[in-house]
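Heads up, the thing below is written out as structure tokens.
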Amino acid sequence: AWLGMWMANILVGGAALFMLWSKAREKDFGVSDRMLRCLDWFYGKATRIWATRGRRNTPRRKSPKASVSSGIIVHGIRGRRFPRILDRLVLAQFARIFPMALLGLVVMWLIGEYLERADDVYSAGASRWVILEYLAFQLPLILTMTIPIATILAVLIIFSLMSKYNEVVAVLAGGTSVFRLAAPVLVPVLLLTCIQYGISDYIVPYSNQRVAQIKVLLELTGGNPHFTPTQGHWVRGEGSYIFNYADYDPHQMRFQGLRVYHLDQEEWRLTHVDYARQARWENGHWLGTNNWRRDYIYDHQNKVSSPELLRLESTVLSIEEGPQYFDIERRLPEQMSANELRQHITNLETRGFDAGKYKVDLQQKFAFPTIVFVLAMVGIPLGFRMGRQGTLSGIALALALTMLFWLTFVFFRAIGAAEILPAILAAWAPHAIFIALAGYITAGLRT
Numbered sequence: 535a536w537l538g539m540w541m542a543n544i545l546v547g548g549a550a551l552f553m554l555w556s557k558a559r560e561k562d563f564g565v566s567d568r569m570l571r572c573l574d575w576f577y578g579k580a581t582r583i584w585a586t587r588g589r590r591n592t593p594r595r596k597s598p599k600a601s602v603s604s605g606i607i608v609h610g611i612r613g614r615r616f617p618r619i620l621d622r623l624v625l626a627q628f629a630r631i632f633p634m635a636l637l638g639l640v641v642m643w644l645i646g647e648y649l650e651r652a653d654d655v656y657s658a659g660a661s662r663w664v665i666l667e668y669l670a671f672q673l674p675l676i677l678t679m680t681i682p683i684a685t686i687l688a689v690l691i692i693f694s695l696m697s698k699y700n701e702v703v704a705v706l707a708g709g710t711s712v713f714r715l716a717a718p719v720l721v722p723v724l725l726l727t728c729i730q731y732g733i734s735d736y737i738v739p740y741s742n743q744r745v746a747q748i749k750v751l752l753e754l755t756g757g758n759p760h761f762t763p764t765q766g767h768w769v770r771g772e773g774s775y776i777f778n779y780a781d782y783d784p785h786q787m788r789f790q791g792l793r794v795y796h797l798d799q800e801e802w803r804l805t806h807v808d809y810a811r812q813a814r815w816e817n818g819h820w821l822g823t824n825n826w827r828r829d830y831i832y833d834h835q836n837k838v839s840s841p842e843l844l845r846l847e848s849t850v851l852s853i854e855e856g857p858q859y860f861d862i863e864r865r866l867p868e869q870m871s872a873n874e875l876r877q878h879i880t881n882l883e884t885r886g887f888d889a890g891k892y893k894v895d896l897q898q899k900f901a902f903p904t905i906v907f908v909l910a911m912v913g914i915p916l917g918f919r920m921g922r923q924g925t926l927s928g929i930a931l932a933l934a935l936t937m938l939f940w941l942t943f944v945f946f947r948a949i950g951a952a953e954i955l956p957a958i959l960a961a962w963a964p965h966a967i968f969i970a971l972a973g974y975i976t977a978g979l980r981t
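Taking this note's numbering, the leading residue of the sequence shown gets 535, the next gets one more, and so forth.
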């Protein structure tokens with residue numbers, strides 16, 4: 535209770551201390567400049583030694599270029615160094631605005647998730663650590679959704695403020711184009727694109743599995759009347775039976791809410807059903823706990839007469855399939871990495887099933903991380919064109935563009951799943967549209 539009362543003060547106070555530190559921190563006293571001077575000296579010394587050795591090995595003749603080369607050496611590293619002061623200014627602003635925007639978006643998203651799931655946790659009688667675990671495993675997905683928004687927000691604010699205070703005019707008057715001014719932003723944008731791919735493909739699939747398991751656990755323990763195990767996953771076994779389960783954990787090799795429907799293939803009827811609240815793989819067998827078994831006895835008219843119900847505390851289930859059989863089968867596309875999804879597509883096609891929808895999901899595994907780069911490309915020219923409209927306009931525009939891109943992304947995904955467009959075109963078409971939009975906005979920009 536006390537944490538909920540003080541959380542707002544802790545967050546606001548922490549943000550205030552961070553801003554106070556960033557405002558009052560010490561400035562650079564020329565250490566980097568002295569290091570660059572030392573590098574210049576070593577660079578000039580090495581160049582002169584190399585030029586002297588070259589003159590010894592070649593016939594002596596005077597050339598007008600010889601006197602020019604020694605003058606060029608003076609510039610050394612400092613004449614070609616990167617970044618310049620202007621580049622450092624843009625990068626410093628991005629490093630200040632982007633974390634604050636990302637932190638604000640993540641905190642708001644986490645609060646929304648908490649309010650949505652708090653009732654389920656408390657009605658299930660679970661501890662407060664369950665909701666913290668749920669939010670922790672939701673965090674990677676939240677990051678992948680908020681990094682593109684924070685990126686375009688930072689880009690819009692940076693260049694709109696520079697336009698507002700006529701810094702862009704000063705840069706243009708100095709002979710530097712807006713393209714050169716925006717070039718430093720590409721460094722963190724490309725880095726964030728790589729980070730986005732790493733989180734999306736290596737962390738989010740596992741965290742989504744854990745989130746799904748926590749949701750199933752809350753539904754099973756909360757006594758939700760609208761939830762039954764038949765809402766789970768259906769898998770056909772290698773024998774004459776069908777599996778239905780609420781959840782499967784591949785790391786612990788454990789089922790929750792498992793039902794096995796045994797069939798008589800000759801008569802095409804149900805013979806018996808095995809149920810286990812939990813089933814764990816031990817010593818080469820599936821050991822179920824809190825089991826019951828229902829046998830269906832048929833009369834001469836092929837009607838069920840008084841099905842018998844047998845309750846057992848624990849028993850070995852008659853299942854031939856091992857854990858590897860369910861490792862890929864039970865997961866949704868967002869719970870698989872790109873390699874696992876590619877393997878799943880191969881398995882489906884080998885069995886003769888249609889995998890068109892999953893091919894679109896596979897292409898979007900690679901297309902989704904590049905949203906960061908695409909939105910930044912749209913945000914750069916828009917930031918220069920916003921002028922004096924202010925920061926709030928930049929925030930509203932960033933949210934609107936992100937929402938528009940997401941709607942386009944989902945629309946083309948549905949078209950690709952319906953096999954109206956090829957998978958690769960359906961996944962990358964939104965990127966092409968928004969890159970074309972960025973080019974159109976840039977065409978009318980004073981560079």
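In this text, a Cβ means the ideal position worked out from N, Cα and C, and glycines have one as well.
### Query
P739 and P784: beta carbons closer than 8 Å?
Result no, Cβ atoms of P739 and P784 do not sit closer than 8 Å.
### Query
Cβ of P917 within 8 Å of Cβ of L690?
The displayed chain sequence assigns Gly, not Pro, to residue 917. Yes. Within cutoff.
### Query
How is the beta strand (DSSP E) around H806 delimited, first residue to last?
H806 -> beta strand (DSSP E) spans 803-816.
### Message
Distance check for A813 and M937, CA to CA, integer angstroms please.
### Response
Just so you know, the alpha carbons of M937 and A813 end up roughly 43 Å apart.
#### Entry: Under 8 Å between C-beta atoms of V912 and R947
The Cβ-Cβ distance between V912 and R947 does not fall below 8 Å.
### Task
For I681, collect the residues of the same chain with a Cβ closer than 7 Å to its Cβ; drop the 5 residues on either side in sequence, then sort them by chain order.
Excluding sequence neighbours, I681 sits near L636, L726, Q730, V906.
### Message
Would you call the region 926-935 in contact with the region 690-708, where contact means no fewer than 3 C-beta pairs closer than 8 Å?
### Response
The region 926-935 is in contact with the region 690-708.
#### Entry: Distance, G818 Cα to N778 Cα
Looking at the two C-alpha atoms, the distance is approximately 20 Å.
### Same chain, Cβ closer than 7 Å to E883, five either side skipped, listed in chain order
A889.
### Query
Three or more beta-carbon pairs under 8 Å between the region 869-876 and the region 640-659, yes or no?
No, because fewer than three Cβ pairs between the region 869-876 and the region 640-659 fall closer than 8 Å, the two stretches do not touch.
#### Entry: Cα-Cα separation between R571 and I645, rounded to whole angstroms
C-alpha separation (whole angstroms): 51 Å.
#### Entry: Cβ shell of R984 (< 6 Å), same chain only, five flanking positions each side left out
With the chain covering only 535 through 981, there is no way to say anything about residue 984.
### Task
Only counting runs of 4 or more residues, tell me where the alpha helix (DSSP H) segments fall wholly within the region 892-970, in order along the chain.
Correct list: 905-920, 925-951.
### Query
Which residues in the same chain as F902 place their Cβ atom closer than 7 Å to its Cβ, once the five residues preceding and following it in sequence are excluded?
Cβ neighbours of F902 beyond the five flanking positions: S734.
### Message
With H, G and I counted as helix, E and B as strand and the rest as coil, what does DSSP make of G890?
### Response
Residue state, collapsed to three classes: helix.
### Task
Less than 8 Å between the CB atoms is what I'm expecting for T685 and V723, so what's the real figure, rounded?
The beta carbons of T685 and V723 sit about 6 Å from each other, so the pair counts as a contact at 8 Å.
### Message
Just to confirm the assignment, what range does the beta strand (DSSP E) spanning R980 have?
### Response
In the DSSP assignment, R980 falls outside any beta strand (DSSP E), carrying neither H nor E.
### Cut-off 7 Å between Cβ atoms - residues of its own chain near F968, not counting five sequence neighbours on either side
Contacts found: V908, V912, F939.
#### Entry: N881: first and last residue of the uninterrupted alpha helix (DSSP H) it sits in
Segment 872-884, the alpha helix (DSSP H) holding N881.
### Task
Give the secondary structure of P598 by DSSP, where H, G and I count as helix, E and B as strand, and everything else as coil.
Bear in mind that a pLDDT of 47 at P598, under 50, signals an unreliable position, so the number given afterwards is only what the model happens to contain. In the three-state DSSP reduction, P598 falls in the helix class (H, G or I).
#### Entry: I831 classed as buried or exposed, judged by whether at least 16 other C-beta atoms fall within 10 angstroms
When all chains shown are included, I831 counts as exposed.
### Query
Is it buried or exposed for I954, if we count other Cβ within 10 angstroms and need 16 for buried?
Exposed, because fewer than 16 other Cβ atoms sit within 10 Å of the Cβ of I954.
### Query
In whole angstroms, what separates the C-alpha of S848 from that of A810?
If you take the alpha carbons of S848 and A810, they lie about 8 Å apart.
### Task
Take H806 and list the residues in its own chain whose beta-carbon comes closer than 8 Å to its own, dropping the five residues that flank it on each side.
Result list for H806: H796, R827, R828, D829, Y830, in chain order.
### Query
Using the rule of at least 16 other Cβ atoms within 10 Å of the residue's Cβ for burial, across every protein chain shown, is P718 buried or exposed?
Counting Cβ neighbours within 10 Å, P718 comes out buried, since at least 16 surround it.
### Task
Compute the Euclidean distance between the alpha carbons of R845 and I665, then round it to the nearest angstrom.
The straight-line gap from Cα to Cα measures roughly 34 Å.
### A746 beta carbon less than 8 Å from that of D798
It is not a contact, given that the beta carbons lie outside the stated cut-off.
### Message
If the criterion is Cβ atoms closer than 8 Å, does the pair Q743 and Q869 meet it?
### Response
At the C-beta level, Q743 and Q869 come within 8 Å of one another.
### Query
Can the beta-carbon of S741 be found closer than 8 Å to that of L804?
Cβ atoms of S741 and L804: not closer than 8 Å.
### Query
Three-state secondary structure (DSSP) at E847?
E847: strand per DSSP, three-state reduction.
### Message
Which residues does DSSP list as the beta-bridge partners of I776?
### Response
As DSSP reads the structure, I776 sits in a beta bridge with R770, Y795.
### Message
Suppose contacts are defined by Cβ-Cβ distances below 8 Å. Is A716 in contact with I544 by that definition?
### Response
Between A716 and I544, the C-beta gap is not smaller than 8 Å, which leaves the two residues out of contact.
#### Entry: Bridge partners - G822, DSSP secondary structure assignment
Answer is A813, T849, bridged to G822.
### Boundaries of the alpha helix (DSSP H) in which Y859 is found, first to last residue
The continuous alpha helix (DSSP H) containing Y859 extends over residues 857-860.
### Query
Just reading off the beta strand (DSSP E) that Y782 is part of, what are its end residues?
For Y782, the uninterrupted beta strand (DSSP E) segment begins and ends at 781-783.
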